[in-house]
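This report refers to the structure that appears directly beneath it.
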Amino acid sequence: MSRAIIEPAPLHGRVTIPPSKSDAHRLLICAALADGVSRIRNMALSKDIEATIRVLKSFGADIRLEGDTAVIRGIRPRRELTVADCGESGSTLRFLMPVAAALGLSAWFTGEGRLPQRPLETLTRLFSEKGLSCTREGENNLPLRLSGRLPAGTYRLPGDISSQYISGLLMALPLTGEESYILLTTPLQSAGYVDMTLRTMAAFGVQVQRLPDGYRIPPGSRYRPVDCRVEGDWSAAAFFLAAGAVGRSVSIGGLQADSAQGDRAAAGLFGRFGAYVLWEQEDLICSPAPLHGAEINVSQVPDLAPALAVTAGFAYGDTVITGGERLRIKESDRLAAIAAGLTAIGVRVDERPDGLIIHGEGPAALHGGHIDGVNDHRIVMAFSVAAAYVQGPSVITDAGAVSKSYPAFFDDFIKLGGNAHVI
157 MSRAIIEPAP
167 LHGRVTIPPS
177 KSDAHRLLIC
187 AALADGVSRI
197 RNMALSKDIE
207 ATIRVLKSFG
217 ADIRLEGDTA
227 VIRGIRPRRE
237 LTVADCGESG
247 STLRFLMPVA
257 AALGLSAWFT
267 GEGRLPQRPL
277 ETLTRLFSEK
287 GLSCTREGEN
297 NLPLRLSGRL
307 PAGTYRLPGD
317 ISSQYISGLL
327 MALPLTGEES
337 YILLTTPLQS
347 AGYVDMTLRT
357 MAAFGVQVQR
367 LPDGYRIPPG
377 SRYRPVDCRV
387 EGDWSAAAFF
397 LAAGAVGRSV
407 SIGGLQADSA
417 QGDRAAAGLF
427 GRFGAYVLWE
437 QEDLICSPAP
447 LHGAEINVSQ
457 VPDLAPALAV
467 TAGFAYGDTV
477 ITGGERLRIK
487 ESDRLAAIAA
497 GLTAIGVRVD
507 ERPDGLIIHG
517 EGPAALHGGH
527 IDGVNDHRIV
537 MAFSVAAAYV
547 QGPSVITDAG
557 AVSKSYPAFF
567 DDFIKLGGNA
577 HVI
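Each step along the sequence shown adds one to the number in the numbering used here, with nothing skipped, and position 299 is 455.
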């Protein structure tokens, strides 16, 4: 397993953030559901995006890359059993299970890492209620064979589970050609990610009606091919916002101020610690200031938690992070991994079922340490930034995990002045 050895060296300068993984997933899927050829510019490959492309191809889509442009011809469904290898991508699995069902495919879904243990019960229960067959092999949720055809109708599910369930059903149900409803039995969490799905669907010609308690998919909805561009990734930008907050100014290019990405909230959240965050023309700039503790609920932005938590370690005073129950079922138990990493560099932290209390004593109290990356890309990136500002070298395991979402992370880290050796 690879590891990163990081010597203290502040990050400073300008970085162009990579294309958004969240946006790319949705664009690829909607393009594959359209009748015709779409072109998606500013496409960058990561393991998760490769997984979505791989599964869409297995469904019958024709996808090829021309430089940074993906050219997609819509799915022509296969009749034989389809093997849908989702790798470690929860987005790929939860988005494309409903799509496979709506297409009437017989699909064998597989995965690796922690993905086979991650929850699927909400989807499999809904499918079973609608007459589909979901057959598991073994004790885990994957491998799983899905067969049958998803009908139009009303689908009730809680809103305080993964928004990926809702997004997957939203993208799939227009394929039925009939009116359908998604009704939420509890308030929606991670609403920004569902908003992104709705915006992408609208760009491909499918308009969904919002209801007080859910969504209506009108009859006759059809995807049409388009030419479009992947947005910059606000989730990835969070790590460099953290660097700017605790060290020297960092300028971030490639972001959209009006993005539908929920993690656009990062600009305001890092400001809560006292950092200066502002737009200068098309760049977002984060500059340091004396940092203080803050209270942050991450229920709508769970992917920001690692970057926010390491920033809290450099602040003075307590930071309380709440609303993070779902962080325990990501690529790792992220709350436990964050707590262990902060402890390793000298930060006192209390772990709670849904969050953390981080007792910041300022940067002078922090030292290098051995940090378990737990094969989680966001843990590795967050603590790589932290390691640039502590006293003494740090070692972070599983450094290769960054390939899941941001393969060039350490290249950009070094270009900004970071001192990292990945071996």
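For every residue, glycine included, the Cβ atom is placed at its ideal position computed from N, Cα and C. Everything numeric in this text was worked out from a predicted model, so none of it was measured.
Beta-carbon spacing of residue i, residue j below 8 Å
i: F396; j: R380; result: no
i: A422; j: W390; result: yes
i: P458; j: L425; result: no
i: R292; j: I485; result: no
i: S158; j: G556; result: yes
i: C442; j: A450; result: no
i: A240; j: V193; result: no
i: V433; j: A538; result: no
i: G333; j: P375; result: yes
i: D369; j: L325; result: no
i: A217; j: R234; result: no
i: K560; j: D204; result: yes
i: E438; j: D179; result: no
Anticipated Cβ contact below 8 Å, residue i with residue j, distance rounded
i: I161; j: I579; result: 7 Å
i: L512; j: I501; result: Not a contact, Cβ separation roughly 14 Å.
i: T172; j: G410; result: 5 Å
i: G357; j: F251; result: Looking at the sequence itself, residue 357 is Met, so the reference to Gly does not match. Not quite, the Cβ-Cβ distance comes to about 12 Å (not below 8 Å), so this is no contact.
i: L447; j: F470; result: 6 Å
6 Å CB neighbourhood of residue i in its chain, flanking five on each side removed
i: L184; result: T208
i: P330; result: V362, I373, S377
i: D383; result: R195
i: Y585; result: For the chain, the structure presents residues 157 to 579; residue 585 sits outside this window and is missing.
i: L189; result: Y379
i: V227; result: R195, R220
i: Y371; result: I338, V364
Residue(s) in a DSSP beta bridge with residue i
i: A160; result: I552, V578
i: R220; result: V227
i: W390; result: According to DSSP, which records beta bridges pairwise, W390 is partnered with nothing at all.
i: P175; result: G388
i: R372; result: Y337, Q365
i: D474; result: H515
i: R170; result: S407
i: N453; result: T478
i: L434; result: I441
Same chain, Cβ closer than 8 Å to residue i, five either side skipped, listed in chain order
i: L288; result: A257, L302, S303, G304, R305, L306
i: D532; result: K486, E487, S488, R490, A493, D554, A557
i: A521; result: G502, V503
i: R385; result: I196, R197, N198
i: G315; result: I322, L340, T341, T342, P343, L344, Q345
Contacts around residue i, its chain only, beta-carbon distance under 7 Å, and the 5 residues preceding and following it disregarded
i: P166; result: G403, R404, A544, Y545, G573
i: G479; result: N453, V454, S455, D510, G511
i: E163; result: P549, N575
i: L249; result: C242, F265, G267, L271
i: G529; result: I535, V536, I552, T553, D554, A555, A557
i: T278; result: L313, I317, Y321
i: L298; result: F265, T266, G267, L271, P272
i: A394; result: D419, A422, L460, A463
Residue i CB to nearest heavy atom of the ligand COA below 7 Å
i: L440; result: Only the bare structure without any ligand can be found here, which leaves the ligand COA out of the picture.
Is the stretch 539–552 in contact with the stretch 485–492, if contact means three or more CB pairs nearer than 8 Å?
no
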